[in-house]
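The sequence shown begins at 2 in this note's numbering and counts up one residue at a time. The beta-carbon is built from N, C-alpha and C at its ideal position, and this holds for glycine as well. Right, one structure below, let's go through it.
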Amino acid sequence: MSTNIPASADEIPDLPLLQTIGNRRSIRYFDPDKKVEPWKIQAMLQSARLASCQGNINATEAVVIQKETCSPEVWEDLEECVSGFNVQLFTQSSHVIIWLTNINAWYGRANDGLSTLALSGALTKYHGWNYEFSMTQTIPRLMSFPTERTDLLLRFETGLAVNQALLTSVALGVGSCLCAFGRKPQGVEKALGLPPHYKFTWAHVVGYPLEDEKAGGQRVRMKFDKLFHDGEFGKPLHADPAVDTLLAEKGLIQEQAPLGGRFEEIDRLAEQFGRDPGVVSWPEKELRRLIADDDWDFGPRIKERAEQVLAEGGLPDYPEEMRETFEKLMEEHGLDTSKYLS
Ligand SMILES: Cc1cc2nc3c(=O)[nH]c(=O)nc-3n(C[C@H](O)[C@H](O)[C@H](O)COP(=O)(O)O)c2cc1C
């Protein structure tokens, strides 16, 4: 039995969905002395378990790890896998959730998964489902997919499940960040002794935020009409400003970063843990080009910050020795290098 569970459901925060999505940030500063209650981790995992999954095959699994209870060897092995810029997140978080994708669920559970959907009243004759066709056509066809294809399909699903866990953490006042663990290829699989059909998909650190839960404001994205297409590819779909106003009132669209005091907050946190203060800056020419790029939804605050950074100076130089490499990498993908490498 878990301890410290709420006495009643009324004690569980009830953040509305749009507000929860709006509040979500990748949290990168955790209180190393504050553990997340097991019931909140359970709620996150339950949310992941209930995410939509093809044919109800339940391919997403997770290993929940805490430094205090994990074997030191496994912890050390995992630490070796963490990308350098994630080490603080890993060591100061309360829990690390290692999300896994079981590729064999596709081959081993499609039959039973579909049967559960039929029993649940979700798979119906109305939609053309028929047992004989399923067994002679649909399921054998699905099961004949090569593992590369299955891998893609199921990793997508794991992404959906992880996002549900992420949003649940936000709703419960817990911070989350996904973390690359790519420093040692296959390192996580080895550390956890995973069978070959279990793929390590992503690591997720969880803890109580030490930074403000708004983490300095909503992070800028590309403009809506640069991402979404209206009926045909290349025809921009425009957001209705009146709808955006309502969504802002509901807390989905929030004030853009950087909010006032964010850089002071970063420096305060750095001092608290004996780390370097400040943020990284890009070269002057790069910054001017970016901030003038109409694809991005830059609001006044981020533009002002760019102006301030430019005015303060001391920015790095573009690494000219890398120009050719970047040109080659972009050209390989048919990208217009003049936009980025003028
Ligand atoms: C699949 C995935 C992997 C990520 N990996 C990292 C990571 O390794 N380290 C990190 O600090 N942030 C990581 N992030 C967080 C993104 O950098 C973050 O989403 C982005 O900065 C936008 O900020 P927001 O999440 O606060 O909106 C990852 C996000 C995703 C979706």
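*Going along the chain, which unbroken runs of the beta strand (DSSP E) with 3 or more residues stay wholly within the region 164 to 217?*
176 to 180, 199 to 208
*So does the region 224 to 242 actually touch the region 122 to 140, counting three or more Cβ pairs closer than 8 Å?*
no
_Collapsed DSSP secondary structure at Ile346 in the structure displayed_ = Residue 346 cannot be examined here, being either before or after the span of the chain that is shown, 2 to 343.
*Cα-Cα, which of Arg276, Trp283, Gly174 is closest to Ile42?*
Gly174
*asked:* Taking the alpha-carbon of Pro7 as reference, which of Pro33, His230, Glu38 has the nearest alpha-carbon?
replied: Glu38
*Mind checking whether the beta-carbon of Leu311 lies closer than 7 Å to any heavy atom of ligand 1?*
no
*Cβ-Cβ distance between Val163 and Ala60 below 8 Å*: no
*Using 7 Å as the cut-off, classify the Cβ of Cys180 as near or not near the heavy atoms of ligand 1, replying yes or no.*
yes
*Where Ile303 sits in the DSSP three-state scheme*: helix
*Exposure label - Met45; buried when at least 16 CB within 10 Å*: buried
*Are the region 205 to 221 and the region 22 to 30 touching by the rule of at least three beta carbon pairs closer than 8 Å?*
yes
_Suppose you measure from the CA of Ser53 to the CA of Asp113; what does that come to, to the nearest Å?_
16 Å
_Spatial neighbours of Thr202 within its chain, please: C-beta separation below 7 Å, excluding the five flanking residues on both sides._
Trp100, Leu101, Thr102, Arg156, Thr159
*Taking Ala106 as the reference, give the member of Leu51, Lys200, Ala166, Asp15 with the closest Cα.*
Lys200
*Find out if the Cβ-Cβ distance for the pair Ala192, Leu90 is shorter than 8 Å.*
no
*asked:* If I measure Cβ to Cβ from Val83 and keep anything under 6 Å in the same chain, skipping five residues before and after, which residues do I get?
replied: Phe91, Phe182
*Would you kindly work out how many angstroms separate the C-alpha atoms of Asn5 and Glu12, rounded to a whole number?*
12 Å
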